[in-house]
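Data block below; observations after.
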Amino acid sequence: MIPFDYVRAASMDDALQAGAEPGVRFLAGGTNLIDLMKEMVERPRRVVDLGRLGLDQIEPLAEGGLRLGALAANADTAYHPDVERGYPLLASAILAGASPQLRNAATNGGNLNQRTRCLYFYDVATPCNKREPGSGCGAIGGVTRNNAILGTSEACIATHPSDMCVALAALDATVQVVSSGGARSIAFSDYHRLPGDQPEKDNTLQPGEIVTSIDLPAEQFRDNYSYLKLRDRLSYAFALVSVAAALSLKDGRISDARVALGGVAHKPWRRRDAEQTLIGGEATPEAFAAFAKRLLEGAVGHGGNDFKIELAERAIVRALTQAANGTPQSQSHKKIA
Amino acid sequence: MAVSLHTTNDVETTLRVNDVEHTVSIPPWVTLLDLLRERLHLTGTKKGCDHGQCGACTVLVDGRRINSCLKLAVTLDGADIKTIEGFEQDGELHPLQRAFIESDALQCGYCTPGQICSAQGLINEGRAGTREEIRELMSGNLCRCGAYTNIADAVETVLHNKRQPMREAAE
Numbered sequence: 282m283i284p285f286d287y288v289r290a291a292s293m294d295d296a297l298q299a300g301a302e303p304g305v306r307f308l309a310g311g312t313n314l315i316d317l318m319k320e321m322v323e324r325p326r327r328v329v330d331l332g333r334l335g336l337d338q339i340e341p342l343a344e345g346g347l348r349l350g351a352l353a354a355n356a357d358t359a360y361h362p363d364v365e366r367g368y369p370l371l372a373s374a375i376l377a378g379a380s381p382q383l384r385n386a387a388t389n390g391g392n393l394n395q396r397t398r399c400l401y402f403y404d405v406a407t408p409c410n411k412r413e414p415g416s417g418c419g420a421i422g423g424v425t426r427n428n429a430i431l432g433t434s435e436a437c438i439a440t441h442p443s444d445m446c447v448a449l450a451a452l453d454a455t456v457q458v459v460s461s462g463g464a465r466s467i468a469f470s471d472y473h474r475l476p477g478d479q480p481e482k483d484n485t486l487q488p489g490e491i492v493t494s495i496d497l498p499a500e501q502f503r504d505n506y507s508y509l510k511l512r513d514r515l516s517y518a519f520a521l522v523s524v525a526a527a528l529s530l531k532d533g534r535i536s537d538a539r540v541a542l543g544g545v546a547h548k549p550w551r552r553r554d555a556e557q558t559l560i561g562g563e564a565t566p567e568a569f570a571a572f573a574k575r576l577l578e579g580a581v582g583h584g585g586n587d588f589k590i591e592l593a594e595r596a597i598v599r600a601l602t603q604a605a606n607g608t609p610q611s612q613s614h615k616k617i618a
Numbered sequence: 003m004a005v006s007l008h009t010t011n012d013v014e015t016t017l018r019v020n021d022v023e024h025t026v027s028i029p030p031w032v033t034l035l036d037l038l039r040e041r042l043h044l045t046g047t048k049k050g051c052d053h054g055q056c057g058a059c060t061v062l063v064d065g066r067r068i069n070s071c072l073k074l075a076v077t078l079d080g081a082d083i084k085t086i087e088g089f090e091q092d093g094e095l096h097p098l099q100r101a102f103i104e105s106d107a108l109q110c111g112y113c114t115p116g117q118i119c120s121a122q123g124l125i126n127e128g129r130a131g132t133r134e135e136i137r138e139l140m141s142g143n144l145c146r147c148g149a150y151t152n153i154a155d156a157v158e159t160v161l162h163n164k165r166q167p168m169r170e171a172a173e
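Here the protein sequences line up with chains W and D, keeping their order.
Residue numbering for the first sequence follows this note's numbering, beginning at 282 and increasing consecutively.
Residue numbering for the second sequence follows this note's numbering, beginning at 3 and increasing consecutively.
Laid out in structure tokens, this is it:
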């Protein structure tokens, strides 16, 4: 690790002030940032430790919904009764990710802001436009098993690695952020971005801004949901493809449908226009298969990840079927029902 | 109100490790793992991958299991740490240590301190009941010798109180 100066912020004002210069990284759980600093991918001049700021509460919102503090641990979030019982899709997605040790340390804000696990982003001996803008993309033409099939650009085919964010996208969460200029809200679908010609930007957070909470709307999808994650081993691995599926059913017909994909793009992948085609129809495998084709429209493989297109289509059908049947995928009993 | 600390120098950090208080002056980039091993000479905690991918460095911080390789020690000022050296009490092996021996839950032993700390964390969390849940919630600890079946046996034995009660208070 390259030496840096250390700020332990005692207040948000101090954190914002210390973070207002270039070359600063905010430190929360550290499970990704410290690793990237060891790899010399991140080389901050200053690290501002947010660990004493609180912001770890999980509390109901006055207008309905739930506020997840940015510094609450992923484990405490998944196991909080209001999440576990109220938003089981989110709890399931969090528990599908990482390991118990990592979930104990990693925070909600940090989960949003974690970097891609693209092999070439991590390997400083290879080109990477995300790590070193303009240097090229090592992944294109390289090992692409964990890379994206949707929304890619000539500059970058990285994926966002989070499971939690896939559920947050499906649930239409809102990200609350603060800067020295004040607070603002960002719709979850606008938080992460596609790489385009600026893959160094993972999201729309501005320099010096800090995530304070993630707010969940009142709609919970408690009865018909599933988080289905497919990976190279049963646990403790990033998704090749994951699906967060949530349905509202009324008199045997679909009245609301949400599907977000992980492991396939630079952000959780959702298409509201495709979801609309499910509404009013019956929850049948045929309807789900047609929907899957729509959601995967434009998908392109890069050799080592060509399989993801069919895998994603099948996973969507399976996850929606699990959701419709009220039999969500278990994250400990691994058989896929 | 507390005052923010801003330093380019070593940071005085106090940690309670296995019920002994240590105050050290350390650069901010020292991980908890390196502090334990290199400065406090508690080498029971192992460095496997140093990247949060193997679990060999698992310790308990305020009763919660974390990967000590990914935690800067200065961020833990005031915390209570438990490592494998803190499990034995008055010459008596901890029930998890005995269960690992009796279940033959190790071969080379390199992952064992992390496995045992992780198992204690699992017990503290109270989220595992079934065999499948034990396996899933121990999945953050790799064993390259492949002793998983016996590790799960050992954890199951202690978890289901087949030896003696040992749930610890998590702060």
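For each residue, glycine too, the CB sits at the ideal point set by N, CA and C.
Note that this is a predicted model, so its numbers are computed, not measured.
Coil, strand or helix - residue 28/D by DSSP: Sequence index remark: in the second sequence, residue 28/D carries index 26 (1-based). If DSSP states are grouped into helix, strand and coil, residue 28/D belongs with the strands.
Nearest-angstrom Cα distance between residue 397/W and residue 472/W? Here residue 397/W refers to the residue found at position 116 when the first sequence is read from its first residue. Here residue 472/W refers to the residue found at position 191 when the first sequence is read from its first residue. Near 15 Å, if we compare the C-alpha coordinates of residue 472/W and residue 397/W.
Buried/exposed call for residue 456/W, threshold 16 Cβ in 10 Å: Residue numbering aside, residue 456/W sits at position 175 when the first sequence is read from its first letter. The residue is buried, with at least 16 neighbouring Cβ atoms inside 10 Å.
What are the boundary residues of the beta strand (DSSP E) that includes residue 457/W? The count along the first sequence starts at 1 and reaches residue 457/W at position 176. Here the beta strand (DSSP E) through residue 457/W covers 455-460.
Can you grab the Cα-Cα spacing for the pair residue 494/W / residue 94/D, in whole Å? Counting from 1 along the first sequence, the entry for residue 494/W is found at position 213. Counting from 1 along the second sequence, the entry for residue 94/D is found at position 92. Spanning the two alpha carbons is a distance of roughly 46 Å.
Applying the criterion that 16 or more other CB atoms from any shown protein chain within 10 Å of the CB defines a buried residue, is residue 378/W buried or exposed? Here residue 378/W refers to the residue found at position 97 of the first sequence. Residue 378/W is buried by the Cβ-count criterion.
Chain W beta carbons: is any one of them nearer than 8 Å to that of residue 20/D? As a position in the second sequence, residue 20/D is number 18, starting the count at 1. Not a single CB atom of chain W sits nearer than 8 Å to the CB of residue 20/D.
Just to check, is the beta-carbon of residue 511/W closer than 7 Å to a non-hydrogen atom of the ligand PLP? The ligand PLP is not part of this structure, which contains no ligands at all.
Any idea what DSSP makes of residue 369/W, helix, strand or coil? Taking the first residue of the first sequence as position 1, residue 369/W is located at position 88. For residue 369/W, the secondary structure class from DSSP, reduced to helix, strand or coil, is helix.
Residue from 301/W, 533/W, 612/W, 526/W with nearest C-alpha to residue 552/W: Within the first sequence, numbered from 1, the residue matching residue 552/W stands at position 271. Nearest C-alpha to residue 552/W among 301/W, 533/W, 612/W, 526/W: 526/W.
What in chain W is Cβ-close to residue 7/D, meaning under 9 Å? The sequence position of residue 7/D within the second sequence is 5, counting from 1. What residue 7/D touches in chain W: 287, 288, 289, 290, 291, 330.
For residue 9/D, does the three-state DSSP call read helix, strand or coil? The residue given as residue 9/D occupies position 7 in the second sequence. The answer is strand: DSSP assigns residue 9/D an E or B state.
Which same chain residues end up closer than 7 Å to residue 374/W when comparing Cβ atoms and leaving out the 5 residues on each side of it in sequence? On the first sequence, residue 374/W is found 93 positions in, with the first residue counted as 1. Hits under 7 Å: 444, 445, 447, 448, 508, 525.
Run through chain W and tell me which residues come within less than 8 Å of residue 29/D, C-beta to C-beta. Position 27 of the second sequence, counted from the start, is the residue given in the question as residue 29/D. Chain-ordered, the chain W residues with CB closer than 8 Å to the CB of residue 29/D read 284.
Need the endpoints of the alpha helix (DSSP H) that residue 120/D sits in, please. For the purposes of this step, residue 120/D is identified with residue 118 of the second sequence, where counting begins at 1. 114-127 is the extent of the alpha helix (DSSP H) around residue 120/D.
At a Cβ threshold of 8 Å, is residue 47/D touching chain W? If you number the second sequence from 1, residue 47/D lands on position 45. At a cut-off of 8 Å, the C-beta of residue 47/D has no neighbouring C-beta in chain W.
On the criterion of 16 or more Cβ atoms from any shown chain inside 10 Å, does residue 301/W qualify as buried, or is it exposed? As a working mapping, residue 301/W is identified with position 20 in the first sequence. Of the residues assessed, residue 301/W falls on the exposed side of the cut-off, its CB having fewer than 16 other CB atoms within 10 angstroms.
What separation, rounded to the nearest whole angstrom, lies between the Cα atoms of residue 2/D and residue 297/W? No answer is possible for residue 2/D: it lies beyond the span of chain D, which begins at 3 and ends at 173.
Which listed residue (498/W, 310/W, 332/W, 617/W) has its alpha carbon closest to that of residue 468/W: Reading the first sequence from its first residue, position 187 is the one you call residue 468/W. 498/W is the residue among 498/W, 310/W, 332/W, 617/W whose C-alpha sits nearest the C-alpha of residue 468/W.
Just the Cα atoms here: how many angstroms apart are residue 89/D and residue 96/D? Here residue 89/D is taken as the residue at index 87 of the second sequence, counted from 1. Here residue 96/D is taken as the residue at index 94 of the second sequence, counted from 1. Going from the Cα of residue 89/D to the Cα of residue 96/D covers about 6 Å.
Beta-carbon separation (whole angstroms), residue 42/D vs residue 70/D, contact threshold 8 Å: Working through the second sequence from its first residue, we reach residue 42/D at position 40. Working through the second sequence from its first residue, we reach residue 70/D at position 68. Going by Cβ atoms, the distance from residue 42/D to residue 70/D rounds to 12 Å, so no, they are not a contact pair.
Per DSSP, cross-strand counterpart(s) of residue 463/W: Position 182 of the first sequence, counted from the start, is the residue given in the question as residue 463/W. Residue 463/W has 460/W as its beta-bridge partners, per DSSP.
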